[in-house]
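These notes are about the structure you will find just below.
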Amino acid sequence: MELLKKIQSEIDKYSDDIEENLSLSEITIRNGLNSYRYGSSSFLSDLFDPVEMTNETVFYDLGSGYGNIILYGAVKFPYAKFKGIEILKERNDVCVDLIEKEKLTNVIAVCDDILKTDISDGTIFYLYNPLFDFQYAELLNTLYKISLSKPIIVIAESRCLFFDEAVWLEQYHHKDIDVIRKIKYYRSK
């Protein structure tokens with residue numbers, strides 16, 4: 129799709145310069161102790177294959193960076209809702225600008241801490257390693273509480289071990305990307 133190529137080109141245009149100029153000490157002082165790593169799935173079409181997208185879907189990208197996942201999803205699945213949460217304003221602003229520029233109405237990007245944001249309306253949650261190890265317990269507790277009122281899906285890319293160990297989740301699909309990286313899909317029991 130031409131629009132998806134255009135969006136990716138815009139993201140690429142800004143991301144290299146922004147990442148090069150970020151100061152870990154400055155953003156840590158501003159936002160506290162968080163993981164500020166940047167990475168995004170490069171397997172966008174494969175990422176969505178094992179999940180059913182409907183008009184009831186509220187898809188969260190927790191640690192959405194420049195919005196690659198949610199922008200792709202919003203264009204590909206205009207009947208579903210997409211929400212990205214990114215702690216760094218510099219990254220989030222690029223996504224917000226693209227949403228406005230392309231007049232996408234089924235996607236929003238929020239600049240906030242994923243552990244402090246209300247995500248209770250979500251049905252699918254995607255993570256590309258946005259946290260330090262000690263922070264996953266808090267996120268899993270939040271997701272568990274959401275799963276008590278409705279079925280949810282969690283898509284983890286890279287740091288899957290925390291979700292593998294959650295007794296309230298069952299893995300239903302996985303994709304080996306390379307020797308180290310994997311995408312695993314879990315659903316609440």
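Residue numbers (my numbering): 129 to 317. C-beta atoms are modelled at their ideal positions from N, C-alpha and C, and glycine is treated no differently.
Rounded C-alpha distance that separates residue i from residue j
i	j	result
residue 154	residue 216	11 Å
residue 314	residue 172	18 Å
residue 196	residue 211	12 Å
residue 148	residue 194	14 Å
residue 266	residue 144	31 Å
residue 209	residue 133	21 Å
residue 244	residue 287	20 Å
residue 178	residue 142	31 Å
residue 206	residue 213	19 Å
residue 180	residue 129	21 Å
residue 242	residue 264	11 Å
residue 261	residue 140	29 Å
Assumed close pair residue i, residue j - CB separation to whole angstroms, cut-off 8 Å
i	j	result
residue 252	residue 182	Not quite, the Cβ-Cβ distance comes to about 10 Å (not below 8 Å), so this is no contact.
residue 202	residue 224	Actually they do not touch by this definition, with Cβ atoms about 13 Å apart.
residue 312	residue 291	7 Å
residue 310	residue 301	That pair is no contact at about 11 Å.
residue 175	residue 135	Between residue 135 and residue 175 the Cβ distance is about 16 Å, and since that is not below 8 Å, they are no contact.
residue 255	residue 190	5 Å
residue 230	residue 131	7 Å
residue 268	residue 294	6 Å
residue 138	residue 259	With a Cβ gap of about 27 Å, residue 138 and residue 259 do not count as contacting.
Per-residue DSSP class, three states only, for residue i
i	result
residue 190	strand
residue 287	coil
residue 232	coil
residue 253	strand
residue 316	strand
residue 280	coil
residue 177	coil
residue 131	helix
residue 201	helix
residue 248	coil
residue 182	coil
One or two residues paired with residue i in a DSSP bridge
i	result
residue 263	BP columns for residue 263 are empty, so no partner.
residue 212	189, 237
residue 311	285, 303
residue 297	316
Proximity test, residue i beta-carbon vs the ligand PLP heavy atom, cut-off 8 Å
i	result
residue 283	Judged by which ligands are present, the structure shown has none, so any question about the ligand PLP falls away.
Within 8 Å, do at least three Cβ pairs link the segment 235 to 254 to the segment 270 to 285?
yes
Is it true that the segment 217 to 233 meets the segment 277 to 287, where meeting means three or more beta-carbon pairs spaced less than 8 Å apart?
no
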